[in-house]
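Residue numbers (the working numbering), protein chains in the order written: chain A, 47 to 426; chain B, 2 to 529.
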């Protein structure tokens, strides 16, 4: 298989999927500043209206960015960033651990399949394994989202993945290849790891510099997106990259913590977008979380676990520059269990549309069993 | 990520980075000179991971040790073979009567911050964050590696995950050491109800899960939810969102003394009546009458400790730890029954588990976790080493690379006990790289513990006899003929020597650590 640097092997988009772990608040990220109830229920933590000091950055006359998301505004204005508000998977769980599992599996209850939604899609569309780097998790482990796919690779640092030449010359990788032959436990993973070591040594993506003057912020997310960029620009035929963004569980002092979290998110995404340049025509970035947070602030100037939140979709083939939302309202009677933002857009419809429009199509019934698929119009 | 954590990990990595020591290995030993690719090696088709054992089963004694210790130690294998599995496990359950020599005084002398009170630690805070973290990690790793009370240390790790607290979290560094001593270590093989009460009033936990914010006028549900979801009932244990809110109300006013509190020392538990919600509550169908004050939450803890869902949940987690990721329901039920019948006595609960057919008659069902891998590497390669001369810096660096540094899991669910989490490509690769700790003693910077290859080889001087001697010493179990053939084929190919030809001492000195690394990387070592 010839290597090529701008598109992946199937000619469809490369997907970069970012999971915000800890239940990211949507209401203080993309602020419904024309809804008076937002200010009534968050008197101590709300983002002020556009024009006010430290106010929101207007997007469309109804919604505004938290000031920390300013680096994303040019991407929004260029039509390459769409926001989906009041979205989520209607699973009804307020447990981080259950909800992450359900969202990653793409199901609403535990009766659904145990594999991940993206893993099921990738299993359906399995291309011949030309590379160990087809499906990559930039972390020490494979997220549930990818389970069901054939041997995703987990790599937390591409710069230090592999063996020293002395080890390779000793025959150590070769004897391990034999000792982990099928059906020895973990043979598949072991073979993939050994193949990946070879590929990575040849491609050497860690030496690839950011393009177009992109500057990634220091910090975990910036570092992971930088590595995602290096993998995409290398000769490795990457199709899907999953990244975790941690630290969104803001039970206390939301204004302070979300400023940091959104700033890191926006600066990292902006740097990646700049680095990729024209490659963004063949890349989609999806950012989502397990559930949103309570509408009303708590006594610690934080917000407890809620229901609907926000998703960000970035790419050259996104119907961007708009907020997709059927706003449910924030009066008590409008709220889920009288306290949470309601889900009016099932996140699975956005993910389904992503697969149908940008990842070469899929079998929705297999990937999202039980979903009555209704495209949202996020993708061209 | 917390800034101090980054600093510490950066420091540790710079002290003993894996890349550096692999480079040292390459320079120092020059295996390039031995290079020669083995015909027929390489490639090989992938297949899906599976844990059906496809390697010869180890002895029952080996399997019992592997599951109840941080790695099979040659001396302990001899003991268990001599006195029998049941007697050995009974001795382990009676851990206070196991002589641990100078280990505890050594740890106290080397890592004093792991034994200090919140007030003592606060006097040096925040400048001492890295030092506290280092002492806590090292004290934990030293016990796991060197203690003879292995089952006790396994249970300490189990409950540390179960009641997980992220150390690097605000004032957390000053609070967690006391939680470790007075909650986890005090009750690890005691009674679950006592353990749960101790955890519920632990300042470290009340701080970590925000209960110090929890007030009548403004409840915070964080601790209440995790208390039921993670500590007792399990997420499907039958509680509702209303129960979460009601339990949170019961815990209003459970807080800690902050610095400069005239009423007591920093970091002590305090109940604050004025912010307690003293109205009537309903928890899991039980009415908690108004005016109960501090006793509301005590009542909740008792209700949860006795709840049938808690017995099932704890039993499931224990079976998952000691047997496999999918233990039989019969095993879980037997353990849950013992838990209930003994009113939460952890020893009785474990006795039922050890008596289960599944525990006794299965092996190699699960990948060991990184903490076990690191400890097992030392325990098998260097069973009689003296304590490392670097105060644990190398072990901490290794564990940070493997991804299981103690007290560093950020969320309250603790490090995963499911092998799929640990068996990723990157996870396996990191283990393989760490297998080159087998070169300790040869490489400067790694020589902080002593590996006695001459003792393991006991005069063996041919490829076949060296391989057999190291297999016996390090793996302590029989390997498949096919694997022995592969290993010998590799060794003869690398050295150009027949498998029965006597080798020069210099060649043996170079080969032994490499063979040790390969054995240590194999499924024989990685499974329990």
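Using N, Cα and C, we set each Cβ at its ideal position, and we do this for glycine too.
- Distances from the CA of residue 156 of chain A to each of A/300, A/423, A/415, A/424 were compared; the closest alpha carbon is that of A/415.
- Between residue 338 of chain B and residue 213 of chain B, the alpha-carbon positions lie close to 35 Å from each other.
- Rounded to whole angstroms, residue 96 of chain A and residue 346 of chain A show a C-alpha spacing of 26 Å.
- Straight-line spacing of the CA atoms in residue 220 of chain B and residue 185 of chain B works out to 27 Å.
- Between residue 452 of chain B and residue 459 of chain B, the alpha-carbon positions lie close to 14 Å from each other.
- With contact defined as three or more Cβ pairs closer than 8 Å, the region 398 to 411 of chain A and the region 137 to 149 of chain A are not in contact.
- Scanning B/204, B/108, B/390, B/292 for the CA closest to the CA of residue 259 of chain B turns up B/204.
- For residue 222 of chain B, at least one C-beta of chain A is nearer than 8 Å to its own C-beta.
- Taking 8 Å as the CB threshold, residue 344 of chain A lines the interface with chain B.
- Chain B places no beta carbon closer than 8 Å to that of residue 335 of chain A, leaving this residue out of the contacts.
- By the neighbour-count criterion, in which a residue is buried when 16 or more other Cβ atoms sit within 10 angstroms of its Cβ, residue 335 of chain B is buried.
- Residue 346 of chain B is bridged by DSSP to B/192.
- Per the DSSP secondary-structure output, residue 110 of chain A pairs in a beta bridge with A/77, A/104.
- Judged by pairs of C-beta atoms under 8 Å, the region 438 to 456 of chain B does not touch the region 492 to 503 of chain B, as fewer than three such pairs exist.
- Across the set A/403, A/256, A/337, A/365, the C-alpha of A/337 shows the shortest separation from the C-alpha of residue 136 of chain A.
- Separation of residue 475 of chain B and residue 381 of chain B (C-alpha to C-alpha, rounded to the nearest whole angstrom) is 5 Å.
- One Cα belongs to residue 60 of chain A, the other to residue 86 of chain B, and the distance between them is close to 54 Å.
- Across the structure, residue 304 of chain A and residue 194 of chain B are spaced so that their CA atoms are roughly 38 Å apart.
- The alpha-carbon of residue 107 of chain B is positioned some 10 Å away from that of residue 113 of chain B.
- With a threshold of 8 Å between beta carbons, residue 217 of chain A makes contact with chain B.
- Our two residues, residue 509 of chain B and residue 385 of chain B, have alpha carbons roughly 21 Å apart in a direct line.
- Less than 8 Å divides the Cβ of residue 324 of chain B from the Cβ of residue 359 of chain B.
- Around the Cβ of residue 262 of chain B, a 10 Å sphere holds fewer than 16 other Cβ atoms; the residue is exposed.
- For residue 77 of chain B, the number of other beta carbons within 10 angstroms of its own is at least 16, and it is reported as buried.
- Taking the CA atoms as reference points, residue 311 of chain A sits about 33 Å from residue 240 of chain A.
- If you look at residue 122 of chain A, you'll find it in the alpha helix (DSSP H) that goes 119 to 123.
- Against residue 230 of chain B, the close residues of chain A are 141, in the order they occur along the chain (beta-carbon pairs closer than 7 Å).
- The contact set of residue 199 of chain A on chain B, defined by CB atoms closer than 9 Å, consists of 425, 426, 427 in chain order.
- The Cβ neighbour count for residue 275 of chain B, taken over all protein chains shown within 10 Å, is under 16; the residue is labelled exposed.
- Judged by their CB atoms, residue 371 of chain B and residue 439 of chain B are not nearer to each other than the 8 Å cut-off.
- For the 8 Å CB-CB criterion, residue 236 of chain A and residue 429 of chain B form a contact.
- Distances from the CA of residue 139 of chain A to each of B/434, B/331, B/283, B/230 were compared; the closest alpha carbon is that of B/230.
- With a threshold of 8 Å between beta carbons, residue 267 of chain B makes no contact with chain A.
- Within chain A, the residues 221, 224, 225, 227 have their CB atoms less than 9 Å from the CB of residue 487 of chain B, given in chain order.
- Secondary structure note for residue 526 of chain B: its alpha helix (DSSP H) is the uninterrupted segment 524 to 527.
- Boundaries of the alpha helix (DSSP H) harbouring residue 159 of chain B: 151 to 163, taken from the DSSP string.
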